[in-house]
Amino acid sequence: MKSVRSLVLWLSVTITVSACGPSARYTPPSEFSRLPTEIVVHADYDTAWTALIRHVSETFFSIEHFEKDSGLIVLSFAADKPSVYVDCGNYSAARLPFNPSDYSGAYADYATQFMGARLSGRLNINVNRISDDKTGIRVIARYIFGPMQREDFLSAATGQRPSFAFDTGQSDTKLVTDTRGSLSARSCRPTHVAEYSILEAVNKNLEKK
Numbered sequence: 012m013k014s015v016r017s018l019v020l021w022l023s024v025t026i027t028v029s030a031c032g033p034s035a036r037y038t039p040p041s042e043f044s045r046l047p048t049e050i051v052v053h054a055d056y057d058t059a060w061t062a063l064i065r066h067v068s069e070t071f072f073s074i075e076h077f078e079k080d081s082g083l084i085v086l087s088f089a090a091d092k093p094s095v096y097v098d099c100g101n102y103s104a105a106r107l108p109f110n111p112s113d114y115s116g117a118y119a120d121y122a123t124q125f126m127g128a129r130l131s132g133r134l135n136i137n138v139n140r141i142s143d144d145k146t147g148i149r150v151i152a153r154y155i156f157g158p159m160q161r162e163d164f165l166s167a168a169t170g171q172r173p174s175f176a177f178d179t180g181q182s183d184t185k186l187v188t189d190t191r192g193s194l195s196a197r198s199c200r201p202t203h204v205a206e207y208s209i210l211e212a213v214n215k216n217l218e219k220k
């Protein structure tokens with residue numbers, strides 16, 4: 012009889028703890044950004060190139076390499092608030108064991124704050140002479156977001172903590188083992204803000220001339 016009562020008590024405690032455990036909700040990105048990543052400016056090649064170099068040298072982007080003859084500019088950057096540049100959906104969680112407060116917001120910022128993830132990017136700007144007064148500019152970026160410093164992202168196959176890796180117009184998805192009641196996959200894709208910010212600024216500067 013005593014053992015039966017002990018079993019009932021154990022089940023009651025287990026159910027109560029499970030019901031009070033952390034709950035979470037993950038919403039993946041809804042759609043790809045519609046911001047353009049290439050434009051044609053009404054300026055000759057030399058003018059467009061000079062405007063590009065001048066603009067990026069005044070921003071937080073670091074110039075890694077440039078070669079005017081081939082029309083290539085390579086930039087790198089890092090961001091403390093990754094949700095500006097990548098969309099990894101939204102996440103909400105209550106009573107997190109590693110943080111006493113609730114969280115609700117961008118999953119990219121959550122991963123940075125609680126999982127040690129960091130965003131870095133590399134941008135290739137291709138400048139193409141179309142005619143004497145028209146120049147094409149295209150920005151393609153490579154994003155690395157991670158690594159995720161939590162056991163639920165630990166790869167069983169490699170034992171490594173993965174990072175999201177994707178290019179302009181693409182996405183990456185990772186599976187998690189500890190979902191806390193939410194979806195079992197996490198997806199990240201670019202907002203194209205990094206690419207578009209360069210195009211927009213250069214185009215506006217050229218229009219003033």
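Note that the working numbering has the sequence shown beginning at 12, numbered continuously upward.
Ideal placement from N, C-alpha and C gives every residue a C-beta, glycine not left out.
Computed from a prediction, not measured in an experiment: that's the story for all the values here.
So is residue i buried or exposed if we call it buried at 16+ other beta carbons inside 10 Å?
i	result
residue 83	exposed
residue 184	exposed
residue 186	exposed
residue 203	buried
residue 152	buried
residue 62	buried
residue 205	buried
residue 32	With a pLDDT of 48 at residue 32, under the threshold of 50, the modelled position of this residue cannot be trusted, and the question is left open.
residue 94	buried
residue 54	buried
residue 100	buried
residue 176	exposed
Is the separation between the beta-carbon of residue i and that of residue j shorter than 8 Å?
i	j	result
residue 210	residue 64	no
residue 227	residue 120	Outside the displayed span of the chain (12 to 220) sits residue 227, for which this structure offers no information.
residue 43	residue 132	no
residue 197	residue 118	yes
residue 96	residue 130	yes
residue 59	residue 138	yes
residue 113	residue 104	yes
residue 245	residue 56	The structure shown does not extend to residue 245, since the chain spans only 12 to 220, so no value can be given for it.
Could you name the residues that DSSP lists as bridge partners for residue i?
i	result
residue 183	199
residue 76	85
residue 127	Per DSSP, none; premise fails for residue 127.
Taking residue i and residue j to be in contact with their CB atoms under 8 Å, please state how far apart those CB atoms are, rounded to whole angstroms.
i	j	result
residue 128	residue 156	6 Å
Report the start-end ranges of each alpha helix (DSSP H) in the stretch 191 to 219 that is 4 residues or longer and not cut off at the edges. 204 to 218
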